[in-house]
Every structure is written in structure tokens, then in C-alpha cells.
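So the structure is just underneath, and the comments pick up after that.
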Amino acid sequence: MLRNTIQRARILAHLESVKNHPTAEELYDEIKKEMPAISIATVYRNLNLLAKQGKIHRIEMNNTSYFDANKCDHQHQVCMKCGKISDIFYKNITEYAMKKADSTDFTPKCVTVVYHGVCKSCR
Ligand SMILES: [Zn+2]
Ligand SMILES: [Zn+2]
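Just so we're aligned: 113 in the working numbering is position 43 of the sequence shown, and the numbers increase by one with no gaps anywhere.
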């Protein structure tokens, strides 16, 4: 159990330290440099758990999951041609979307906005 906690903390710390949005496989390649005993299954399991706990954020695209530690304060721009994911910080979009969904039926905790478009180098 302790080992699990350490591995999970390490995965979270790694996600927090990177600016990109790695896949589970990319994370595994990085994590195993520090923890050679870790398995891809452990990485998947911990990513799912962290996502469930709301500590990380999963971006689904083209049947692939990309992970992000920086959850609810930003939006994403995804290039439809090269698949590049970039962070954008439009605070008022987050605030507006959160306020809009707040009702007696539902209390939003987080909102994600993904813009699909074409990036500068693919335009
Ligand atoms: Zn592009
Ligand atoms: Zn992001």
C-alpha cells in the first residue's frame, strides 16, 4: 500500500512538472527511469484513480487519453491536423461556464473547454 502511495505521488508530481499533456505510455517511459520496477498497468491504475479523485484531468482525443495535472483553470486548443494540445488561460470563460451550470440540480466543480482548430504551423 505504501509503495502504491509513493508511486501515485510520483506520477502526480511528474504531471505537475511538465508543460505538455503526456499519454499514459509517455508517462510510463519517464516514470520508469526513476522507478524501474513500475509497470504500465500500475501507471494506468494510478492515472485512473487520480482522475477519479479530480487531481488530474483527462483529455480524450482520437481514442487516446492525454493527462494534465493542471485541472480546472484553463482551456485547451487542439490542432485537428497535427494533434498538438496547447493550454490557454481565459479566466472569464471558466467563470462564465461554472456560473451557468450552477443550479439546484447540479453543482459544478470543474469545467473543461476544448477548442478544435488549426494551429499556426499547420495553417
Ligand atoms: Zn497543427
Ligand atoms: Zn492543459
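All C-beta atoms in this analysis are idealised placements derived from N, C-alpha and C, irrespective of residue type, glycine included.
A quick note: this is a predicted structure, and the numbers were derived from the prediction, not measured.
- DSSP, reduced to helix, strand and coil, places histidine 144 outside both helices and strands of the structure shown, so it counts as coil.
- Within 10 angstroms of the beta-carbon of phenylalanine 176 lie fewer than 16 other beta-carbons, which makes it exposed.
- Excluding sequence positions up to five before and after threonine 182, its CB lies within less than 8 Å of the CB of His127, Ile129, Cys142, Gln145, His146, all in the same chain and listed in chain order.
- By the C-beta criterion, the region 146 to 160 is judged not to be in contact with the region 99 to 111, since fewer than 3 inter-stretch pairs fall below 8 Å.
- Between ligand 1 and valine 188, a heavy atom-to-CB distance of less than 7 Å is present.
- In the three-state DSSP reduction, isoleucine 126 falls in the coil class, being neither helix nor strand.
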